[in-house]
Amino acid sequence: MSLCIYYKNRIGLTFNKREHIFPKAIGGIERLDAGVVSDQANEFFANNLEVKTLRMSEIFIGRIVNGYNKKPSKEKQKNRTLPEFLFNREIDSRTLGKIAFNSLAKIKGKDYILKPEFDEFRNWIIGGNNDWYHCKMGKEIIASTQIMPNQSHYCVFVDDGEYLIADVCLYNCWRKMFGICRSFDDSFVIPKGYICDWKNKKEFTLMELMHELAELEDLKYQNLKELGNALG
């Protein structure tokens with residue numbers, strides 16, 4: 008029997024669809040493997056969390072300003088009105104928590120994220136019955152927005168010695184930090200992360216980004232060295 012990373016072994020689960028790591032509505036590209044997130048969890052997120060966060064919170068402004076969606080016709084633009092923002096902090100936090108959980112599943116795999124250490128966070132995303140995670144703030148910024156692609160979405164994880172901390176950010180602007188669980192292994196002593204560069208239609212890990220930046224710096228160094236040699 009397949010286990011859902013959100014509903015675990017609940018009876019009647021199906022796995023016909025695949026869950027986007029970052030919501031498709033904000034440019035998410037890659038999906039988790041089949042059999043990781045159930046259709047029931049996918050439908051719950053779409054109808055109860057994402058629709059409220061991505062259409063009726065301040066994050067909607069990011070979708071308009073950054074223009075991910077196809078441009079509407081001039082007639083539609085003329086008649087379009089902005090929604091009334093609800094600023095539901097609990098719903099928004101759970102949506103970002105879901106992105107963090109999906110990213111963790113992408114980085115570490117299904118078996119890892121099914122560990123009981125994640126049950127409280129898992130149940131909070133689905134049921135919203137523990138607001139402790141909603142208030143987990145005040146830690147130092149984990150990932151500098153300076154190294155991330157322009158207006159990208161990302162989730163970075165690090166073990167701060169007490170908790171596994173997730174730093175989730177959309178459009179390099181709206182961010183939330185969570186203490187997902189107590190530290191229980193050394194998987195995140197070195198930060199790991201997953202990034203959605205929706206403008207360039209690609210997604211990659213933090214390690215892949217760091218390698219790319221290192222290669223660019225090395226190339227700059229080599230070019231300057233060659234220029235110096237040419238000038239004598």
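Residue numbers (the numbering used here): 8 to 239.
Just so it is clear, CB atoms sit at the ideal spot from N, CA and C, and this is done for glycine as well.
Given the structure is predicted, the values throughout are model-derived calculations rather than measurements.
| query | result |
| --- | --- |
| Met155: first and last residue of the uninterrupted beta strand (DSSP E) it sits in | Segment: none, Met155 is in no beta strand (DSSP E) and carries neither H nor E. |
| Straight-line Cα distance separating Ile33 from Leu61 | 8 Å |
| Test item: CB-CB of Glu169 and Gly135 under 8 Å | no |
| Contacts around Phe52, its chain only, beta-carbon distance under 7 Å, and the 5 residues preceding and following it disregarded | Lys105 |
| Cβ neighbours of His160 in the same chain (closer than 6 Å, five flanking residues each side left out) | Phe29, Leu177, Cys203 |
| Exposure of Thr102, with buried meaning 16 or more beta-carbon neighbours within 10 Å | buried |
| Ile133, enclosing alpha helix (DSSP H) - first and last residue | 126-134 |
| Where Gly200 falls: helix, strand or coil (DSSP) | strand |
| Residue of Lys232, Pro198, Glu233 minimising C-alpha distance to Leu216 | Pro198 |
| N-terminal and C-terminal residue of the alpha helix (DSSP H) that Phe164 is part of | Phe164 -> not in any alpha helix (DSSP H); beta strand (DSSP E) instead, spanning 160-166. |
| Three-state class that DSSP yields for Ala53 in the structure shown | helix |
| Residue(s) in a DSSP beta bridge with Phe185 | Ala173 |
| Spatially closest choice to Gly116 from Arg17, Ala41, Cys180, Glu233, by CA coordinates | Ala41 |
| Residues bridged to Lys15 [DSSP beta-bridge criterion] | Cys11 |
| Burial state of Asn230, where buried means 16 or more other Cβ atoms lie within 10 Å | exposed |
| Simplified DSSP state of Phe191, which is helix, strand or coil | coil |
| Own chain partners of Lys208 with C-beta closer than 7 Å, once the 5 adjacent residues on each side are dropped | Ile36 |
| Through-space distance from Ile154 to Leu223, alpha-carbon basis | 12 Å |
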